[in-house]
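To start, the structure under review is shown below, and the notes come after it.
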Amino acid sequence: GENVEQHPSTLSVQEGDSAVIKCTYSDSASNYFPWYKQELGKGPQLIIDIRSNVGEKKDQRIAVTLNKTAKHFSLHITETQPEDSAVYFCAPRRGSTLGRLYFGRGTQLTVWP
Amino acid sequence: EAQVTQNPRYLITVTGKKLTVTCSQNMNHEYMSWYRQDPGLGLRQIYYSMNVEVTDKGDVPEGYKVSRKEKRNFPLILESPSPNQTSLYFCASSLWAGTSGSNNEQFFGPGTRLTVL
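See the structure below:
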C-alpha cells in the first residue's frame, strides 16, 4: 500500500509568519493530493486539494504545491493566524485504489499570537 | 443540514462487552469508511464500503466488524472489545472513491471517544 510520511510532526510559528508542511508518498500512480485540517474536538475537514495535472493551487492564504517527480507535495499557509492552529493531514491516493486510503501521521501546527 | 453523525460520542466500557458505534450520513454518499486515530499514528483505516452490501478491510481491521445494509448507515461493531481498542474513532463518507470526478471529498463525523477498561 501507499507509504505516506509527513514532516514536521509539530510546527510552532508566530502569528503572521508562514508555515510549510511536507508530505511524501511512495505510489507513483497517485493522482489526487488533499490536505485536511482537524480542529480540536472535531473531525478532519478538507481544506485544499490538487490533482496530478496541476503543479500548484492557491486559495486565499493556503496553497498546495506538487512535485510528482520527487513524489511529494506541500501545504503552504501564509500570514498565519491563531485560528490556523490545528492538526493537518495529507492523504495521497489514486483512483484505481478502490477505497483504501492512507493518511499521513499529522502535523500539529501552533500559531502564537 | 448535510452531515455525518456518530453515536455515542463518548463511551466507557469493559473488556469483552460487545458494542456498536453507529454512523449515518444524509448525503446519499456511496462510499463510507471507519478510521481510528491514535497519538503519533494519525488516521488509520479500519473498514470501508464502496456501496450497499460491499465492504472491505482497511489497514487495521482486526477486532472489528462492519455492515452496510442500507446506504445511509455504516455501523462499527466490536464483538469483544479489548483495551488496545481504546481510541478516537471517525466515520467518513464521500460521494464515491474515484478521483477522476470532482466529488471525492471525504466528510467526517464528529468522532467517538472509546475507552475499554
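For the record, the sequence lines run as chains F and S. Mapping to this note's numbering: the first sequence position 1 is 184, numbers consecutive. Mapping to this note's numbering: the second sequence position 23 is 12, numbers consecutive. Even glycine gets a Cβ: it sits at the ideal position worked out from N, Cα and C.
Check: Chain-order list of residues whose beta-carbon lies under 6 Å from that of T261(F) (same chain, five-residue window excluded); Outcome: S201 and R244
Check: Pair within 8 Å by beta-carbon distance, S209(F) and K251(F); Outcome: no
Check: Buried versus exposed, by CB contacts within 10 Å (16 or more), N93(S); Outcome: buried
Check: Whether V49(S) touches L65(S) by CB criterion (8 Å); Outcome: no
Check: Cross-strand partners of M21(S) (DSSP beta bridge); Outcome: S38(S) and S82(S)
Check: Touch test, the segment 282 to 289 of chain F against the segment 23 to 41 of chain S, Cβ-Cβ under 8 Å, three pairs minimum; Outcome: yes
Check: Counted within 10 angstroms of its Cβ, other Cβ atoms place Y24(S) as buried (16 or more) or exposed; Outcome: buried
Check: Assigned secondary structure, E188(F) (DSSP; H/G/I helix, E/B strand, else coil); Outcome: strand
Check: Under 8 Å between C-beta atoms of V10(S) and S82(S); Outcome: no
Check: K241(F) classed as buried or exposed, judged by whether at least 16 other C-beta atoms fall within 10 angstroms; Outcome: exposed
Check: S69(S) versus G184(F): straight-line alpha-carbon distance, rounded; Outcome: 28 Å
Check: Contacting residues, own chain, Cβ-Cβ under 6 Å from V196(F) (five flanking each side not counted); Outcome: A202, T263 and V294
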